[in-house]
Each structure stands twice: as structure tokens, then as C-alpha cells.
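S.K.: Numbering (the working numbering), first residue to last: 4 to 646. In this text, a Cβ means the ideal position worked out from N, Cα and C, and glycines have one as well.
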Amino acid sequence: MSAVARRLACVDTTLQDPLVGQLLDGRYRVDARIAVGGMATVYRALDTRLDRVLALKVMHPALAADASFVERFIREAKSVARLAHPNVVAVFDQGAQGAYVYLAMEYVAGCTLRDVLRDRGALQPRAALDILEPVLAALGAAHRAGFVHRDMKPENVLIGDDGRVKVADFGLVRAVGAVTNTTGTVLGTVSYLAPEQIEHGTADTRTDVYACGVVLYEMLTGTKPHTGDSPAQVIYQHLNEDVPAPSAVVPGLAVELDELVASATARDPEVRPFDAVALLAESRTARAGLTDAQLDAVPPQALAETHDGAEDRTSVIPRVLPVGQGTAHHTSRLEMPPALPPEPARPGPRRGLLAAIVAVLLVLGLGAGVWYINSGQFTRVPSLLGQTEKAARERLSDAGLELKNVERAYSDDVDRGKVIGSDPKSGARIRGNGAVKIIVSRGPEIVKVPDVAGTSPAEARRALKDAGLVAGMVTKEFSEEVGQGEVIRTDPTAGTERHPDSAIALVVSKGSPVDVPHVTGMSVDEATAALEEEGLKAKVLPDRVNSPEAAGEIARQSPGGGAQAAEGDTITLTVSKGPRMLDVPDVTGKDVDEATNLLKAAGFEVKVDRPFLSFSDTIASQSVDGGDQAPEGSTITIKTKGL
């Protein structure tokens with residue numbers, strides 16, 4: 004499992020969540036908390052009626068009292084339910100129980116694009132486009148259906164363990180034709196807000212296009228185009244500065260990528276592609292114009308972003324109003340603090356020192372002047388070959404030089420991560436305030452996938468890293484030969500040649516398969532013992548249900564009998580509280596067909612008893628008198644009149 008997936012799978016247990024372990028709305032068993040957002044908490048849950056894992060998005064109880072938020076929440080369910088698209092997270096159900104208003108949604112095992120960017124930094128252009136295009140396909144379906152997402156950001160892009168990309172959180176969705184102008188506030192995430200959202204409070208398909216352009220820039224560079232110490236500074240930049248070209252941060256990126264970002268993030272919405280479908284067409288055109296080398300270019304290590312995530316949260320912020328239209332409680336205009344006035348030149352020790360140097364040079368003559376110009380203003384680039392990137396940075400700093408940028412290149416001779424060259428070269432003279440570019444080895448241009456079969460996933464990840472590769476998606480399958488928890492194989496297989504930094508999938512053994520025994524109808528002790536004999540664990544749910552099984556016996560199990568599980572897996576058991584007792588209708592005097600239909604509609608099975616040589620269809624008697632009660636599903640015998 005990748006670092007991203009491990010973090011995603013890690014459940015926050017620092018605080019006791021009152022919903023975990025509960026059965027919501029009599030149907031959804033809440034198993035674990037996955038994520039907490041500004042409006043809702045997302046849980047992994049089991050639909051006990053359909054026996055499937057899903058995600059429950061539960062609105063924070065404090066917001067559930069706000070009718071506008073509840074309306075938006077319910078609107079998400081109705082909107083997404085209309086978007087039957089493979090790249091949109093499906094919504095199955097919507098409901099409420101007390102203070103809990105929830106959506107039941109498709110569960111996507113994997114991570115978010117934010118997790119990937121946080122762990123990996125900038126992505127290769129091919130990977131960035133492979134993520135962008137299904138996102139645009141999903142938004143295109145929404146746009147053509149008449150909806151705008153309004154909160155596109157990496158947190159709302161889910162990447163499944165199987166590689167599928169899905170767009171989530173349509174909580175801010177609005178109909179394209181609906182009124183989206185607001186008088187004083189904008190709902191969204193400041194890093195991805197289009198200028199017209201901030202300035203006029205309006206949102207249409209082109210605001211989603213702008214946000215996607217910002218997300219593409221972030222995937223290509225590993226950083227946001229507009230940053231600041233406060234949301235106000237970010238908003239100011241959205242309004243007054245164009246998104247820079249990604250190649251300004253990552254030299255060497257193709258001009259087609261710069262043009263694609265510029266088109267999507269134009270500050271004038273009239274200049275942008277009309278909707279996500281149009282941007283998708285531009286993306287595919289840009290991809291077609293790139294070579295494999297340009298698509299697979301490995302970006303330099305992205306700059307680490309240190310912030311508290313405030314810019315990534317969906318927030319209600321003041322809308323910027325034109326001068327003269329603001330009110331006492333609205334921000335009339337965002338302005339940066341005035342620049343400090345230039346400090347006047349002052350005579351001082353440095354001027355006196357320079358005068359003294361000039362006087363000395365005049366006394367010593369031209370030779371001394373040449374020495375000052377050719378030597379005193381210059382320094383030599385220290386030896387950097389074979390140093391780690393960190394050590395090279397320190398050596399340059401000690402010499403009073405700046406690191407201009409870091410390039411990476413293949414090398415068969417120099418170990419991965421070590422310096423193989425610099426510009427200017429080691430020993431060359433450079434001005435004291437000059438900058439140096441270093442070239443760091445990526446290792447051999449082609450590496451072989453190591454054989455990690457039989458090792459633990461942790462050992463396999465280390466072996467792949469040592470070979471210059473990256474552990475990718477982890478899947479599990481049963482194996483009679485490989486022990487539980489050990490690697491069965493890699494994909495691609497061992498010995499396959501790949502470029503450095505390629506992702507290698509791991510297939511991990513679940514051990515020998517175990518046939519789950521049928522335990523319905525058994526007592527809890529009998530069922531537990533039967534499961535333990537097969538190496539399985541039993542978990543008994545606290546809530547009991549009506550069923551044809553006698554009270555105290557197992558009503559149902561998950562997984563069901565006959566399914567396969569791994570040794571040590573847990574089987575969930577639900578205990579019966581016996582069948583419901585139902586009123587039996589009086590069917591005497593009625594014909595057989597009518598009596599049968601009435602009894603079946605009431606919840607009973609029917610048996611017809613005809614006396615010998617009886618040709619009558621009229622019911623003379625029934626085994627349980629009308630008005631009495633019988634267990635649901637039990638058989639009622641009806642007897643026709645004899646001769």
C-alpha cells in the first residue's frame with residue numbers, strides 16, 4: 004500500500020465519534036470515520052440491507068439546523084443522482100435520523116489528488132493529463148446536464164486503488180440557469196475561485212474551467228499559482244495577476260501545457276473555453292502535440308508547501324464589490340498595503356570604504372585595479388561532483404553562491420541522487436552574487452524491476468526504491484503457495500525494464516482461501532465455534548432483527564455461507580428476535596383463489612386441503628382462525644367444503 008493509501012486508511016481515533024459503531028436510520032452500520040470537512044464528516048459504512056460497503060456523508064449537526072445548508076445538502080443528492088457517469092461518485096440514498104442528515108454514496112478505496120500532490124509534488128505531464136481528462140469528462144457531463152460544480156479542487160478528485168478517477172462533493176452544485184449572484188458572500192475555496200466569483204458572486208461553467216486550470220497548474224508544478232499569508236492576499240492575486248506559465252516554475256515543460264493553463268485560467272471568462280467539454284477537447288489537442296519524452300518528463304522535486312490548509316477549505320468569504328456599491332459590513336475593495344517609500348541614499352561607512360578603495364587603487368596604479376576587478380569581485384564554484392543534492396546546496400551557500408535550479412539527468416556511472424555536473428562547472432569563476440545550476444543523477448535510464456516475491460510489502464517498497472522505482476497500487480488475492488501478507492508478484496513482472504520513478508503495482512497474498520460456513524439458524528455460541536474452527540472471527544451486532552429464525556438464533560451473516568474469506572477475517576452476525584406476529588385474515592366462505600391471495604398479502608404461506616371427491620372452491624375452515632395471530636411466513640392451511 005502506498006504512503007497515500009496508508010494515510011487514507013488510517014482512521015482518526017484521537018476522539019470518540021458518537022456515530023462509529025451505530026446503525027444509522029436502521030440500515031447503515033457506521034464502521035469508521037474517513038474524513039472531516041467544513042460541512043460534513045464522511046464515514047465508511049455497511050448497507051446491511053444490500054450487504055455492500057459505501058460512504059456516508061453526514062452533515063455536522065450544528066449545520067443541520069440551518070435550512071439553507073440542509074437544502075444544499077439534499078440538492079447534492081438530487082443533482083448527482085441525475086449524473087450517471089463513470090467519473091462521478093454515485094449517490095445511492097439520502098435521509099435523516101434526528102440531528103443527522105446524510106447521503107449514502109459510492110465508496111472509493113484509494114486517495115485524493117491532494118494526497119498525491121502532498122506526497123509526490125509535481126507530476127509528469129502524462130500523469131497530470133491522465134487525471135485532468137476524466138475530471139473534465141465528469142464536469143462536462145454535469146455542464147451538459149445543466150449543473151455547475153463550483154468547488155473544484157484536488158480534495159474533490161478521488162483516485163481509486165484501481166486507477167479510476169472520480170469527482171466528488173457536488174455539495175455546492177447549482178443549475179446553470181439558476182440565480183447564482185449573491186449580495187455579500189461567496190461560497191468556495193479561495194485558491195481555486197475565478198475572478199468573477201470573487202468580484203461579482205457569479206458562477207457558471209467557466210468558473211469550473213478556471214478551477215481546473217489552477218488544478219492542472221498545481222499538478223504540473225507541485226505548487227499553487229497564487230499564495231499568501233492570508234486568504235485576502237490570494238484573492239487579490241486572483242483579481243489582479245494572471246496565472247503564470249508552469250514552465251516558469253518547472254523549466255522545460257512544453258509550451259502546449261503553458262497554453263492550456265493560460266486558456267483555462269484567463270481572468271476574462273469570455274476568453275476561456277465555454278465549458279469542461281471544450282477544455283477537454285483542448286487538453287486532447289495539447290496531448291497530441293507532445294512527444295513521449297515531453298509527456299514523461301520527470302519534474303524537479305517540487306517545493307514543499309508549508310501552510311495550515313486554510314486556503315484549501317471551502318469557506319464563506321466577503322465578496323469584492325465595486326467602489327460605491329459596498330455597504331458598512333462588506334469589503335468594498337481588496338487592496339495590498341501601500342509600498343514603503345524608497346529609503347534615501349545616505350552617506351555612511353560603505354561609501355567611505357569605497358572612496359578609500361578608489362584612493363588606494365589610484366595610488367597603486369592600474370595593476371591593482373585589474374586585480375580588484377578580476378579577482379576581488381569573483382569567487383570559484385566549489386567542487387560539487389559526487390555530492391548529494393543537500394551537500395551541494397550547503398557548499399554553494401558556504402561559498403556565498405545561490406542555487407539557481409536543479410536539473411535531473413540519467414547516468415550509468417553516478418549513483419542516483421548525486422551531482423553529475425554544474426553550470427558553471429566546478430572551479431569556474433563566478434561573480435560573488437551569482438547563481439549555479441546543478442545536474443543530479445536519476446540513475447540509469449533503464450532499470451529492471453527487482454524480484455520481491457515472498458517479501459513483506461515494506462521490504463518490497465524498499466527494494467523498489469533502491470532500484471529507482473516507486474511502489475504503486477496494492478491489490479490482494481488468495482494464494483495456496485504464498486503466505487498471508489507476503490508479495491505474490493509485481494505488475495509488471497520481475498526483470499521487466501522500466502524508466503526510473505515508474506510505479507510498480509504489488510499483488511499481496513491473502514493466504515489460502517477459507518470457505519465461510521453457513522451459520523444462520525445456529526445459536527450465537529454454535530455459530531462462533533463453527534467460524535473459529537475455520538480460522539475466522541465472529542462479530543455479533545448489538546441490534547436484533549425480526550426473521551423466520553427463532554429468537555436468539557443467527558438471522559443473517561456477512562459474508563454469506565459459501566463465500567470465500569481469508570484466515571483471520573471477521574464474519575458479521577445478526578441475531579434474530581424471532582418472526583413478527585401478524586393478524587390472520589378470516590377467509591372462510593371465500594373461494595380458494597381469493598383466500599390464497601388474502602393470506603399471502605398478509606405475510607403467510609398457504610396450503611389448500613380438499614376433501615376426497617370434493618369439487619367445491621369455497622373455504623370451510625382454516626388452521627388458524629381469523630383474528631388470531633401467527634408468525635410471519637408460517638403456513639396457514641385452508642380446507643374446502645366436502646360433499
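In this structure, does DSSP put G571 in helix, strand or coil?
M.R.: Numbered from its first residue, the sequence shown carries residue 571 at position 568. Coil at G571, not helix or strand.
S.K.: Taking the alpha helix (DSSP H) that V212 belongs to, which residues open and close that run?
M.R.: Residue 212 sits at position 209 when you count from the first residue of the sequence shown. Note, V212: alpha helix (DSSP H), T208 to T224.
S.K.: Just the C-alpha distance for H229 and D122, rounded to the nearest angstrom, thanks.
M.R.: Here residue 229 is taken as the residue at index 226 of the sequence shown, counted from 1. Here residue 122 is taken as the residue at index 119 of the sequence shown, counted from 1. Approximately 20 angstroms, taken between the alpha carbons.
S.K.: Applying the criterion that 16 or more other CB atoms from any shown protein chain within 10 Å of the CB defines a buried residue, is V83 buried or exposed?
M.R.: Start at 1 with the first residue of the sequence shown, and residue 83 comes out as number 80. Answer is buried; the Cβ neighbour count reaches 16.
S.K.: Counting only the same chain and skipping the five closest in sequence on each side, list residues whose C-beta sits under 7 angstroms from that of S286.
M.R.: For the purposes of this step, residue 286 is identified with residue 283 of the sequence shown, where counting begins at 1. Answer for S286: L132, L135, E136, L139 and L263, listed in chain order.
S.K.: Along the chain, where does the beta strand (DSSP E) that runs through V36 open and close?
M.R.: In the sequence shown, counting from the first residue as 1, residue 36 sits at position 33. The sequence given here places Arg at residue 36; Val does not occur at that position. Note, R36: beta strand (DSSP E), Y31 to V39.
S.K.: Between the Cα of V45 and the Cα atoms of V477, P460 and L22, which residue gives the shortest distance?
M.R.: Counting from one through the sequence shown, the residue named residue 45 turns up at place 42. Measuring from the Cα of V45, the nearest candidate turns out to be L22.
S.K.: Where does the unbroken beta strand (DSSP E) through P516 begin, and where does it stop?
M.R.: The sequence position of residue 516 within the sequence shown is 513, counting from 1. Its beta strand (DSSP E) spans residues P516 to D518.
S.K.: Have a look at R411 and V61 and give me their C-alpha separation to the nearest angstrom.
M.R.: For the purposes of this step, residue 411 is identified with residue 408 of the sequence shown, where counting begins at 1. For the purposes of this step, residue 61 is identified with residue 58 of the sequence shown, where counting begins at 1. For R411 and V61, the distance between alpha carbons rounds to 46 angstroms.
S.K.: How long is the line joining the alpha carbons of L602 and D631, rounded to whole angstroms?
M.R.: In the sequence shown, counting from the first residue as 1, residue 602 sits at position 599. In the sequence shown, counting from the first residue as 1, residue 631 sits at position 628. Going from the Cα of L602 to the Cα of D631 covers about 13 angstroms.
S.K.: Under DSSP, the alpha helix (DSSP H) around I449 begins and ends at which residues?
M.R.: For this step, residue 449 is matched to residue 446 along the sequence shown. Counting along the chain, I449 falls outside any alpha helix (DSSP H), and DSSP gives it neither H nor E.
S.K.: Kindly confirm or deny that the segment 598 to 612 and the segment 546 to 564 touch, where touching means at least three C-beta pairs closer than 8 angstroms.
M.R.: No, they do not touch.
S.K.: Between D154, I449 and V511, which has its C-alpha nearest E462's C-alpha?
M.R.: Your numbering for residue 462 matches position 459 in the sequence shown. The shortest Cα separation from E462 among D154, I449 and V511 belongs to V511.
S.K.: Just list the beta strand (DSSP E) runs in the segment 612 to 641, keeping only unbroken ones of 3 residues or longer that don't cross its boundaries, in chain order.
M.R.: The segment 612 to 641 contains these whole beta strand (DSSP E) runs: 622 to 625 and 632 to 634.
S.K.: Nearest to G231 by CA position, among A257, S194, F150 and E273, is which residue?
M.R.: Sequence index remark: in the sequence shown, residue 231 carries index 228 (1-based). The shortest Cα separation from G231 among A257, S194, F150 and E273 belongs to S194.
S.K.: Could you pull the start and end residues of the beta strand (DSSP E) that L106 belongs to?
M.R.: For the purposes of this step, residue 106 is taken as residue 103 along the sequence shown, with counting starting at 1. Element bounds for L106: Y103 to M108.
S.K.: What is the DSSP secondary structure of K81, counted as helix, strand or coil?
M.R.: Reading the sequence shown from its first residue, position 78 is the one you call residue 81. K81 falls in the helix class under three-state DSSP.
S.K.: Grab the span of the alpha helix (DSSP H) containing L399 for me, first residue to last.
M.R.: Taking the first residue of the sequence shown as position 1, residue 399 is located at position 396. Counting along the chain, the alpha helix (DSSP H) containing L399 begins and ends at E392 to D401.
S.K.: For I639, does the count of other Cβ atoms within 10 angstroms reach 16, so buried, or fall short, so exposed?
M.R.: Mapped onto the sequence shown, residue 639 falls at position 636. Buried: at least 16 other Cβ atoms inside 10 Å.
S.K.: Is it buried or exposed, G563, if we count other Cβ atoms within 10 angstroms and call 16 or more buried?
M.R.: The residue labelled residue 563 in the question sits at position 560 within the sequence shown. It is exposed - the Cβ of G563 has fewer than 16 other Cβ atoms within 10 Å.
S.K.: What number of angstroms, rounded off, separates the C-alpha of M476 from the C-alpha of P249?
M.R.: Position 473 of the sequence shown, counting from 1, holds the residue named residue 476. Position 246 of the sequence shown, counting from 1, holds the residue named residue 249. C-alpha separation (whole angstroms): 28 angstroms.
S.K.: Just tell me which of A144, V439 and A431 has its CA closest to the CA of R396.
M.R.: Here residue 396 is taken as the residue at index 393 of the sequence shown, counted from 1. The shortest Cα separation from R396 among A144, V439 and A431 belongs to V439.
S.K.: Using a 10 Å radius around the Cβ and a threshold of 16 neighbouring Cβ atoms, would you call E158 buried or exposed?
M.R.: In the sequence shown, counting from the first residue as 1, residue 158 sits at position 155. The residue in question, E158, is buried, as its Cβ has 16 or more Cβ neighbours within 10 Å.
S.K.: Need the endpoints of the alpha helix (DSSP H) that K468 sits in, please.
M.R.: What you label residue 468 is simply residue 465 of the sequence shown in a count that begins at 1. Its alpha helix (DSSP H) spans residues P460 to D469.
S.K.: Drop a sphere of 10 angstroms on the beta-carbon of P128, count the other beta-carbons inside from all chains shown, and report buried for 16 or more, exposed for fewer.
M.R.: Taking the sequence shown and counting its residues from 1, the one referred to as residue 128 is at position 125. Buried: at least 16 other Cβ atoms inside 10 Å.
S.K.: How about V519 and A569: do their beta carbons lie closer than 8 angstroms?
M.R.: Position 516 of the sequence shown, counted from the start, is the residue given in the question as residue 519. Position 566 of the sequence shown, counted from the start, is the residue given in the question as residue 569. No, the pair does not count as a contact, with Cβ atoms beyond the cut-off.
S.K.: What are the boundary residues of the beta strand (DSSP E) that includes T591?
M.R.: What you label residue 591 is simply residue 588 of the sequence shown in a count that begins at 1. First-last for T591: undefined, no H or E at that position.
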